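Just so you know, the protein sequences line up as chains A and B, in that order.
Numbered according to the working numbering, the first sequence spans residues 43 to 156.
Numbered according to the working numbering, the second sequence spans residues 84 to 194.
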Amino acid sequence: KAGVTQTPRYLIKTRGQQVTLSCSPISGHRSVSWYQQTPGQGLQFLFEYFSETQRNKGNFPGRFSGRQFSNSRSEMNVSTLELGDSALYLCASSLEGGGIYEQYFGPGTRLTVT
Amino acid sequence: QQQVKQSPQSLIVQKGGISIINCAYENTAFDYFPWYQQFPGKGPALLIAIRPDVSEKKEGRFTISFNKSAKQFSLHIMDSQPGDSATYFCAASFRDDKIIFGKGTRLHILP
């Protein structure tokens, strides 16, 4: 089975712009979670989607949003980018009912905000 | 109360030695404690996980020791190999809800 794929792998944006990141889960996985990884804060949970509905949300401002499509693919959007949004954004998928217990991570999208 | 404190930040171990990474938590409602391994340029990969009703779980060279009363758990890597050099994260979660990660330990195994 193919693993979790994320596109693009690298992205450079300017402060104030918005960005959309994409995640394709492992075939058959219906839960998709997003994480932000930075050297200072480590790995932080953003949100989880299951069957096109946001099921859980971390402590991030409303500039961070996401959605999930009927094929379980997910997108994450960050509006009005700030320098502090520079990070590795990771997507993880799991089987129905697996939630966060049996997650498989993608390689991440490295976002740099200048 | 939501924090998971991980130590040490970095660790150097001789090949064949035992690598030990520790984590401590506050929230007694946590019911799932996984460890993840991350190589440069890759996403984290689930290594091994434990529930609080078990004091130890072993998978190959990797063992989790869990001390419920002390609210601590640790990862032991036996016969450490250069290929084990990576960053390791402990984590905790409850009710299949959001997961809290430790800050990570950068492990380097000397050949």
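A virtual CB, placed ideally from N, CA and C, is assigned to each residue, including glycine.
Owing to the predicted nature of the structure, the values given are computational and were not obtained by experimental measurement.
C-beta atoms of phenylalanine 126 (chain B) and leucine 132 (chain A) nearer than 8 Å: On the second sequence, residue 126 (chain B) is found 43 positions in, with the first residue counted as 1. On the first sequence, residue 132 (chain A) is found 90 positions in, with the first residue counted as 1. Per the sequence shown, the amino acid found at residue 126 (chain B) is glycine instead of phenylalanine. Cβ atoms of glycine 126 (chain B) and leucine 132 (chain A): closer than 8 Å.
Contact belief for isoleucine 183 (chain B) with valine 87 (chain B) at Cβ below 8 Å, rounded distance in angstroms: For the purposes of this step, residue 183 (chain B) is taken as the residue at position 100 of the second sequence. For the purposes of this step, residue 87 (chain B) is taken as the residue at position 4 of the second sequence. That belief holds up - the Cβ atoms of isoleucine 183 (chain B) and valine 87 (chain B) are roughly 5 Å apart, short of 8 Å.
Test item: CB-CB of serine 75 (chain A) and glutamine 145 (chain A) under 8 Å: Within the first sequence, the letter at position 33 stands for residue 75 (chain A). Within the first sequence, the letter at position 103 stands for residue 145 (chain A). It is a contact, given that the beta carbons lie within the stated cut-off.
Cross-strand partners of methionine 118 (chain A) (DSSP beta bridge): Stepping through the first sequence from its first residue, residue 118 (chain A) is reached at position 76. A:Leu63, A:Gly108, per the DSSP bridge assignment.
Interface partners of leucine 132 (chain A) on chain B, CB under 7 Å: Residue 132 (chain A) sits at position 90 when you count from the first residue of the first sequence. Near leucine 132 (chain A) (Cβ distances below 7 Å), the residues of chain B are Gly126.
Nearest-angstrom Cα separation, counted from serine 176 (chain B) out to arginine 109 (chain A): As a working mapping, residue 109 (chain A) is identified with position 67 in the first sequence. As a working mapping, residue 176 (chain B) is identified with position 93 in the second sequence. Rounded to whole angstroms, arginine 109 (chain A) to serine 176 (chain B) spans 23 Å at the Cα level.
Status (buried if at least 16 other CB within 10 Å, exposed otherwise) for glutamine 97 (chain B): For the purposes of this step, residue 97 (chain B) is identified with residue 14 of the second sequence, where counting begins at 1. So glutamine 97 (chain B) ends up on the exposed side.
Cβ distance (whole Å) where leucine 85 (chain A) is taken to contact phenylalanine 172 (chain B) below 8 Å: What you label residue 85 (chain A) is simply residue 43 of the first sequence in a count that begins at 1. What you label residue 172 (chain B) is simply residue 89 of the second sequence in a count that begins at 1. Between the beta-carbon of leucine 85 (chain A) and that of phenylalanine 172 (chain B) there is about 6 Å, and that keeps the pair under the 8 Å contact cut.
Assigned exposure category for glutamate 90 (chain A) - 16 Cβ within 10 Å defines buried: As a working mapping, residue 90 (chain A) is identified with position 48 in the first sequence. Buried.
Element boundaries [beta strand (DSSP E), containing serine 157 (chain B)]: On the second sequence, position 74 is the one that residue 157 (chain B) refers to. Boundaries of the beta strand (DSSP E) harbouring serine 157 (chain B): 155-160, taken from the DSSP string.
Cβ-Cβ distance between isoleucine 73 (chain B) and serine 157 (chain B) below 8 Å: Any question about residue 73 (chain B) goes unanswered here, given that chain B covers just 84 to 194.
Cα-Cα separation between phenylalanine 145 (chain B) and proline 117 (chain B), rounded to whole angstroms: Residue numbering aside, residue 145 (chain B) sits at position 62 when the second sequence is read from its first letter. Residue numbering aside, residue 117 (chain B) sits at position 34 when the second sequence is read from its first letter. Here the alpha carbons of proline 117 (chain B) and phenylalanine 145 (chain B) stand approximately 12 Å from one another.
Boundaries of the beta strand (DSSP E) in which tyrosine 108 (chain B) is found, first to last residue: As a position in the second sequence, residue 108 (chain B) is number 25, starting the count at 1. Residues 102-108.
Beta-ladder partner(s) of phenylalanine 92 (chain A), from DSSP: The residue given as residue 92 (chain A) occupies position 50 in the first sequence. Beta-bridge annotation (DSSP): phenylalanine 92 (chain A) is paired with A:Ser73, A:Thr95.
Buried/exposed call for valine 120 (chain A), threshold 16 Cβ in 10 Å: Along the first sequence, read from residue 1 onward, the residue named residue 120 (chain A) stands at position 78. Here valine 120 (chain A) is buried, its C-beta having at least 16 other C-beta atoms within 10 Å.
Amino acids of chain B, ordered along the chain, whose beta-carbon sits closer than 8 Å to that of glycine 40 (chain A): The requested residue 40 (chain A) does not occur in the structure, where chain A is confined to residues 43 to 156.
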